[in-house]
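See structure below.
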Amino acid sequence: MELSKPTLKGLESLQDSTTIDDNTLEKLIDFVSLSLTKKIDSTDLSRFYESAKPHVIKSAYTDITSLFVESARHKYDTENLSTYLHSQKLFGSRMEKLCDAYKNCKDSLILQLSTIGNSLPCVIDLDWRLDYCIKSNTDNDVGECIYHIRLSTKKLNKIDYLNFTCSLHQLQELVYKLKDAARHMEKLSTT
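Heads up, the sequence shown is in UniProt numbering, so the first residue is 1 and it goes up one at a time.
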């Protein structure tokens, strides 16, 4: 995990109790946790302005949010987060409060992050059936193979099915394109 220098500098300033008092910091950490997990609306940051300057509160909110989101994105547990903070020379009771708050919201935050994005579903299974068409309504003599294919896909722990029918030529073209895509991905992973 790598946080920007301004974020690390902001987290470092949180160690100083003259910047934000302990009570306000604790409430702000809870506010960040709840707003990230969508349990409250995060638009009402102004209620913290009376205890510190607005720009300090906004900066602290942004820095704590960045820390929590990046930690969840890398699936850090409390120990990993604590180790990371220590490696950045951030330690003390305030940093422990951050770790504790992250521990409480980690699972729901990871779940929340998994719903963001436009990634394609993963193919997890394939079923197929071969039919031989002797004749149809329009032709008396067809004589070709018809493949019925069912792809099982998974996205956000939801399984969907994609059904389609194709001829032998179309199936061969699909297989060729899949092999070509696999070769391309293999080439990308080695460079």
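Heads up, the beta-carbon is just placed ideally off N, CA and C, and yes, glycines get one too. Here the structure is a predicted model, which is why all the values come from computation and not from measurement.
On the DSSP bridge list, what partners appear for residue i?
| i | result |
| --- | --- |
| residue 161 | 152 |
| residue 166 | 147 |
| residue 123 | 153 |
Tell me which residues share the same chain as residue i and place their Cβ nearer than 6 Å to its Cβ, disregarding the 5 neighbours each side in the sequence.
| i | result |
| --- | --- |
| residue 13 | 19 |
| residue 101 | 29, 33 |
| residue 8 | 88 |
| residue 23 | none |
| residue 63 | 7, 10, 11 |
What is the DSSP secondary structure of residue i, counted as helix, strand or coil?
| i | result |
| --- | --- |
| residue 131 | strand |
| residue 3 | coil |
| residue 50 | coil |
| residue 13 | helix |
| residue 76 | coil |
| residue 64 | helix |
| residue 180 | helix |
| residue 104 | helix |
| residue 190 | helix |
| residue 38 | coil |
| residue 83 | helix |
| residue 23 | helix |
| residue 89 | coil |
| residue 29 | helix |
| residue 116 | coil |
Is it the case that the Cβ atoms of residue i and residue j are separated by a distance below 8 Å?
| i | j | result |
| --- | --- | --- |
| residue 99 | residue 36 | no |
| residue 131 | residue 148 | yes |
| residue 78 | residue 121 | no |
| residue 1 | residue 76 | yes |
| residue 67 | residue 3 | yes |
| residue 151 | residue 162 | yes |
| residue 144 | residue 167 | yes |
Can you find the residues in the same chain that come closer than 7 Å, C-beta to C-beta, to residue i, ignoring five residues on each side of it along the sequence?
| i | result |
| --- | --- |
| residue 72 | 106, 109, 110, 113 |
| residue 38 | 112 |
Could you tell me whether the Cβ of residue i comes closer than 8 Å to any Cβ of chain D?
| i | result |
| --- | --- |
| residue 163 | Among the chains in the structure shown there is no chain D, since it carries only a single protein chain. |
Might you give, ordered along the chain, the residues of its own chain that have their beta carbon closer than 8 Å to the beta carbon of residue i, omitting 5 neighbours on each side?
| i | result |
| --- | --- |
| residue 45 | 31, 57, 58, 61 |
| residue 133 | 142, 143, 144, 145, 146 |
| residue 40 | 31, 34 |
| residue 27 | 48 |
| residue 69 | 36, 109, 113 |
**Request:** Check whether the stretch 83-92 touches the stretch 56-64, taking contact to mean three or more Cβ pairs, one atom from each stretch, closer than 8 Å.
**Result:** no
Does the structure place the stretch 112-127 close enough to the stretch 90-103 that three or more beta carbon pairs sit under 8 Å?
no
TODO: Give a yes or no on contact between the stretch 176-186 and the stretch 154-162, applying the rule of three or more CB pairs nearer than 8 Å.
DONE: no
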